[in-house]
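> Protein chains in written order, with the working numbering: chain A, 1 to 118; chain B, 119 to 230.
Each residue gets a CB set at the ideal place from its N, CA and C atoms; glycine is no exception.
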Amino acid sequence: GAGVSQSPSNKVTEKGKDVELRCDPISGHTALYWYRQSLGQGLEFLIYFQGNSAPDKSGLPSDRFSAERTGGSVSTLTIQRTQQEDSAVYLCASSAIGTSAANTGELFFGEGSRLTVL
Amino acid sequence: RKEVEQDPGPFNVPEGATVAFNCTYSNSASQSFFWYRQDCRKEPKLLMSVYSSGNEDGRFTAQLNRASQYISLLIRDSKLSDSATYLCVVNIWNTGGFKTIFGAGTRLFVKA
Numbered sequence: 001g002a003g004v005s006q007s008p009s010n011k012v013t014e015k016g017k018d019v020e021l022r023c024d025p026i027s028g029h030t031a032l033y034w035y036r037q038s039l040g041q042g043l044e045f046l047i048y049f050q051g052n053s054a055p056d057k058s059g060l061p062s063d064r065f066s067a068e069r070t071g072g073s074v075s076t077l078t079i080q081r082t083q084q085e086d087s088a089v090y091l092c093a094s095s096a097i098g099t100s101a102a103n104t105g106e107l108f109f110g111e112g113s114r115l116t117v118l
Numbered sequence: 119r120k121e122v123e124q125d126p127g128p129f130n131v132p133e134g135a136t137v138a139f140n141c142t143y144s145n146s147a148s149q150s151f152f153w154y155r156q157d158c159r160k161e162p163k164l165l166m167s168v169y170s171s172g173n174e175d176g177r178f179t180a181q182l183n184r185a186s187q188y189i190s191l192l193i194r195d196s197k198l199s200d201s202a203t204y205l206c207v208v209n210i211w212n213t214g215g216f217k218t219i220f221g222a223g224t225r226l227f228v229k230a
């Protein structure tokens, strides 16, 4: 489809293992965001990519978390040495913000990757 | 102080009621505003943008007061299907770059 695609949709892992979560944004969207949402909580900003600019990593909770965006398209969020408190839904969103003056910045979200750390 | 603050919830209302959600933002560099809806265990989706002149979409009316840094959402004749969490969202452009800030959300329960 033409929407934001995330994989895997569900991931169960053991404490201490590394995980990679993938996001494929809408074609042509220059902005890509990662958020985290724990059960019953609001969205927690993690990282923001915009075109070729340096990413805004100010929301990453620790150095175990990293993200990259290759070729300005697909992004991977990596969590090293997972902990139980990392269990959450990881949401990716993309936006056409910056592609035209008329664009107001609506975010289009993927369905999320639900991570469970045992 | 959080950059975007919303009414604490949950709101429990009967079908047909009118309900209003409020949101305040602290950064005067905020430039665009939205209400998103998030259903249980689903991703957020845009409900409506919020314009300075106010805008209406069916039973939903959004208002923006830049002077008071305040945004509202009014739902008239509420339906069972309106039950969801409503998120206030602000886009900020300043010398530090661009940010999209989500409020914590207000949960609405509409009951028969």
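1. Report yes or no: is there a C-beta of chain B within less than 8 Å of the C-beta of Y90 (chain A)?
2. Taking only the alpha-carbon atoms, compute the straight-line gap between R194 (chain B) and N173 (chain B) and give it to the nearest angstrom.
3. Would you mind telling me which residues of chain A sit closer than 9 Å to L164 (chain B), beta carbon to beta carbon, in chain order?
4. Can you pull the chain B neighbours of E111 (chain A), defined as C-beta to C-beta under 9 Å?
5. Pull up the distance between the alpha-carbon of G40 (chain A) and that of G72 (chain A), whole angstroms please.
6. Establish whether the CB of F139 (chain B) and some CB of chain A are separated by less than 8 Å.
7. Say the cut is 7 Å; is the CB of T203 (chain B) nearer than that to a heavy atom of the ligand SAM?
8. Quick one: what does DSSP say T30 (chain A) is sitting in, helix, strand or coil?
9. Let me know the secondary structure DSSP gives T218 (chain B) once reduced to three states.
10. Taking its Cβ as the centre, do 16 or more other Cβ atoms sit within 10 Å of A208 (chain B), making it buried, or is it exposed?
11. Got a sec: which bits of the segment 40–63 of chain A sit with their beta carbon under 7 Å from any beta carbon on chain B, in order along the chain?
12. Run through the DSSP bridge pairs and tell me what Y169 (chain B) is partnered with.
13. Alpha carbon to alpha carbon, what distance is there between R69 (chain A) and R126 (chain A)?
14. Less than 8 Å between CB atoms is the rule here; does F152 (chain B) satisfy it with respect to chain A?
The relevant details are as follows:
1. Position 90 of the first sequence holds residue 90 (chain A). For Y90 (chain A), the answer is no, since every Cβ of chain B falls outside 8 Å of its Cβ.
2. The residue you call residue 194 (chain B) lines up with position 76 of the second sequence. The residue you call residue 173 (chain B) lines up with position 55 of the second sequence. Approximately 14 Å between the Cα atoms of the pair.
3. If you number the second sequence from 1, residue 164 (chain B) lands on position 46. Neighbours of L164 (chain B) on chain A, chain order: E106, L107 and F108.
4. For the purposes of this step, residue 111 (chain A) is taken as residue 111 along the first sequence, with counting starting at 1. The answer, in chain order, is K160 and E161.
5. On the first sequence, residue 40 (chain A) is found 40 positions in, with the first residue counted as 1. On the first sequence, residue 72 (chain A) is found 72 positions in, with the first residue counted as 1. Their Cα atoms are separated by approximately 32 Å.
6. The residue given as residue 139 (chain B) occupies position 21 in the second sequence. The beta-carbon of F139 (chain B) is placed no less than 8 Å from the nearest beta-carbon of chain A.
7. The ligand SAM is not part of the structure shown, which contains no ligands of any sort.
8. In the first sequence, counting from the first residue as 1, residue 30 (chain A) sits at position 30. Note: T30 (chain A) maps to coil in three-state DSSP.
9. Along the second sequence, read from residue 1 onward, the residue named residue 218 (chain B) stands at position 100. When secondary structure is reduced to three states using DSSP, T218 (chain B) falls in the strand class.
10. By 1-based counting over the second sequence, the position of residue 208 (chain B) is 90. Here the sequence assigns Val to residue 208 (chain B), which means Ala is not the residue at that position. It is buried - the Cβ of V208 (chain B) has at least 16 other Cβ atoms within 10 Å.
11. Answer set for the segment 40–63 of chain A: G42, L43, Q50 and D56.
12. Along the second sequence, read from residue 1 onward, the residue named residue 169 (chain B) stands at position 51. According to DSSP, which records beta bridges pairwise, Y169 (chain B) is partnered with nothing at all.
13. There is simply no residue 126 (chain A) to check, as chain A begins at 1 and stops at 118 in what is shown.
14. Numbered from 1 along the second sequence, position 34 holds the residue referred to as residue 152 (chain B). F152 (chain B) counts as touching chain A.
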